[in-house]
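These notes concern the structure reproduced below.
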Amino acid sequence: MITIQELLYNRGLNRLAKIKLVRHKDKRLDLYNLYRTDRNSFWDYQNTQSKDVFKGVDYIVSFIGEEGVFARFIGVFKILNKEQTEYGFKYSMLDISDYDDLKERVIIRWENAISWHQWIKNEMEVVEICPGLHYKRFSDYFDLILSYSELEEIITNQYNDWRTVLSSIKGIYLITDINTGKLYVGSAYGENGIWGRWSDYISTSGHGNNKILRKLISDNNSDKFNLQFSILMILPKTVTADEAISKEQLFKRKLGSNSFGLNAN
Numbered sequence: 010m011i012t013i014q015e016l017l018y019n020r021g022l023n024r025l026a027k028i029k030l031v032r033h034k035d036k037r038l039d040l041y042n043l044y045r046t047d048r049n050s051f052w053d054y055q056n057t058q059s060k061d062v063f064k065g066v067d068y069i070v071s072f073i074g075e076e077g078v079f080a081r082f083i084g085v086f087k088i089l090n091k092e093q094t095e096y097g098f099k100y101s102m103l104d105i106s107d108y109d110d111l112k113e114r115v116i117i118r119w120e121n122a123i124s125w126h127q128w129i130k131n132e133m134e135v136v137e138i139c140p141g142l143h144y145k146r147f148s149d150y151f152d153l154i155l156s157y158s159e160l161e162e163i164i165t166n167q168y169n170d171w172r173t174v175l176s177s178i179k180g181i182y183l184i185t186d187i188n189t190g191k192l193y194v195g196s197a198y199g200e201n202g203i204w205g206r207w208s209d210y211i212s213t214s215g216h217g218n219n220k221i222l223r224k225l226i227s228d229n230n231s232d233k234f235n236l237q238f239s240i241l242m243i244l245p246k247t248v249t250a251d252e253a254i255s256k257e258q259l260f261k262r263k264l265g266s267n268s269f270g271l272n273a274n
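Counting from 1, position 42 in the sequence shown corresponds to residue 51 in my numbering; the numbering is continuous, with no gaps.
Rendered as structure tokens:
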């Protein structure tokens with residue numbers, strides 16, 4: 010078992026400093042959404058307290074509360090100063106960058122869940138170090154729907170579980186422009202399967218060298234974020250290029266992606 014204390018001390022956190030562990034969880038607010046979409050407001054939430062809960066504290070180790078007794082690490086903050094207001098206390102904090110590679114990845118078991126701020130001497134077990142807060146886990150090939158942003162994160166970070174399952178299959182895939190409803194049907198029959206073909210879309214900022222998608226994205230680069238990726242059919246590993254293209258053409262006819270969609274041929 011490794012504790013959050015061991016993990017942070019081994020990264021250089023000052024053992025002699027006065028440090029509190031802080032678990033943010035609030036039934037009134039969707040803190041995950043606030044953290045994702047409005048980081049400044051989230052820090053205001055953290056830095057403003059009705060009571061002087063960080064009195065005499067040098068650093069706080071901050072977490073967002075998850076289901077049950079779990080909490081996700083989001084950073085170490087040095088308290089620079091505080092000011093008392095009519096509503097309580099406002100703290101100025103500095104985000105310590107030494108722990109950036111652990112942010113959003115480390116899950117701990119929060120002991121004594123009633124107390125949302127505790128001195129660091131209360132050891133807490135690290136139960137998982139995962140890819141990140143925005144990470145989407147693979148479940149099933151035919152349940153799979155990925156936004157461009159999700160696929161970009163998966164490909165860029167080379168998430169091993171996704172690489173394994175997507176590179177092990179060849180198939181027919183669908184790209185949907187969720188803004189217009191237009192469809193693109195493609196086939197992946199190369200050595201690295203779906204993973205290899207979808208990597209092309211990320212390396213080309215969304216168009217994958219498709220004529221219509223290239224024009225769409227060159228007109229407005231942000232349009233790539235309207236693209237959604239899914240799998241229509243899994244093909245045998247032994248499939249030939251001609252066989253894969255034949256199936257691709259079949260789906261193009263079924264879905265009308267040549268006449269009304271994003272396929273150029």
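Where is the CB? At the ideal position from N, CA and C, for every residue including glycine.
Identify which residue in I13, K179, E15 and E120 has its Cα closest to the Cα of Y150. K179
Beta-carbon contacts of R172 that lie in its chain and below 7 Å, excluding the five residues immediately before and after: W204
Residue ranges of each alpha helix (DSSP H) within the region 118-165, 4 or longer: 157-165
What first and last residue would you give for the beta strand (DSSP E) that runs through N90? F79 to T94
For G77, tell me which candidate among L153, W119 and S212 has the shortest Cα-Cα distance. W119
Is the Cβ-Cβ distance between N125 and R32 less than 8 Å? Checking the sequence, you will find Trp at residue 125 rather than Asn. Closer than 8 Å, so yes.
Terminal residues of the beta strand (DSSP E) in which I203 lies: Premise fails: I203 lies in the alpha helix (DSSP H), G202 to S212, not in any beta strand (DSSP E).
Proximity below 8 Å, CB of E134 to CB of T12: yes
Can you check which of these residues, F238, Y198, D39 and N166, is closest to S177 by C-alpha distance? Y198
Write down the C-beta distance between L264 and L160 rounded to the nearest angstrom, noting that I regard them as a contact closer than 8 Å. That pair is no contact at about 20 Å.
CA-to-CA distance, E92 to L236, given in whole angstroms: 47 Å
DSSP-derived helix/strand/coil call for K29: strand
Tell me whether the beta-carbon of I69 lies closer than 8 Å to the beta-carbon of R81. no
Tell me the rounded alpha-carbon separation between K130 and K29. 9 Å
Which stretch, first to last residue, makes up the beta strand (DSSP E) that contains L103? G97 to I105
First through last residue of the alpha helix (DSSP H) which encompasses I254: A250 to L264
I need the boundaries of the alpha helix (DSSP H) containing I221, first residue and last residue. K220 to D228
Across which residues does DSSP place L192 in a beta bridge pair? T185
Once DSSP output is grouped into helix, strand and coil, what is the label at F276? As displayed, the chain neither begins before 10 nor continues past 274, which places residue 276 out of reach and without an answer.
For T281, the residue or residues it bridges with in DSSP: Since the displayed the chain opens at 10 and closes at 274, residue 281 lies outside it and no answer follows.
Nearest residue (CA-CA) to Q258, options L183, N90, R223 and S158: L183
Sheet register partners of F72 (DSSP bridge): R32 and F82
Could you name the residues of the same chain whose beta carbon sits closer than 7 Å to that of G215, not counting the 5 residues immediately before and after it, in chain order? Y157, L222, I226, K233 and L236
Of the choices Y168, L244 and E252, whose alpha-carbon is the least far from that of F147? Y168
Same chain only: Cβ atoms within 8 Å of I105, ignoring 5 sequence neighbours per side: Y68, G84, V85, F86 and K87
If the criterion is Cβ atoms closer than 8 Å, does the pair S266 and N274 meet it? no
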